[in-house]
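Okay, so the sequence shown: first residue is 13 according to my numbering, each after it adds one. For each residue, glycine too, the CB sits at the ideal point set by N, CA and C.
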Amino acid sequence: MKIGLCAYSGYKIYPGHGKTLIKADGKTYTFLNSKCERAHLMKRNPRKVTWTILYRRKHRKGQEEETTKKKTRRTQKFQRAIVGASLTDILAKRNMKPEMRKAQRDIAIKAAKDQKKAAKAAKKPPPPPPTKTKKQPKKVQTKSVQQKAAPRVGGKR
């Protein structure tokens, strides 16, 4: 399917549409519709007619989306040292085999548990030896009755 272009407006002309004008000097002009043909015959400049593609190109209409897409930058992966760990340490940990990593983790967990037990043992004093004490009889509390204040009666004052 051959799609032509309008000689005046610049719009696409699909098969079965449009008109062809052949001048006496042999030049051919293909127009989308009679509107384009009339404007061409009246010698109107398509760059000054707002609805033509030539006007839109001249005044840079409809190109904002393209420029914003071009300006977006892609993120780049970058490896660098973090506070407390150099780049070589990070790379060594990343390249470590899973078995080695598991063994290291188990050792670290065991050390932490031992340290916690030692701290707990140092913190807790040994229980004092039991001493014999006489049980004192329980005191019986008597309920004291308090008089309630008289209820206030009346509305707003």
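DSSP on residue i, reduced to helix/strand/coil?
| i | result |
| --- | --- |
| residue 154 | coil |
| residue 25 | strand |
Quick check on the DSSP output: the beta strand (DSSP E) that includes residue i runs from which residue to which?
| i | result |
| --- | --- |
| residue 34 | 31 to 34 |
| residue 40 | 40 to 43 |
Locate the alpha helix (DSSP H) running through residue i, then write down its first and last residues.
| i | result |
| --- | --- |
| residue 100 | 99 to 106 |
| residue 115 | 110 to 135 |
Within this structure, are the beta carbons of residue i and residue j separated by less than 8 Å?
| i | j | result |
| --- | --- | --- |
| residue 52 | residue 41 | yes |
| residue 43 | residue 35 | no |
| residue 14 | residue 27 | yes |
Check whether the region 91 to 99 touches the region 46 to 54, taking contact to mean three or more Cβ pairs, one atom from each stretch, closer than 8 Å.
-> No, they do not touch.
Should the region 17 to 29 be regarded as contacting the region 63 to 78, the criterion being three or more beta carbon pairs within less than 8 Å?
-> Output reads yes: the region 63 to 78 touches the region 17 to 29.
Which ranges would you report for the alpha helix (DSSP H) in the region 49 to 97 if only whole runs of at least 4 residues count?
-> List check, alpha helix (DSSP H) in window: 65 to 70 and 76 to 83.
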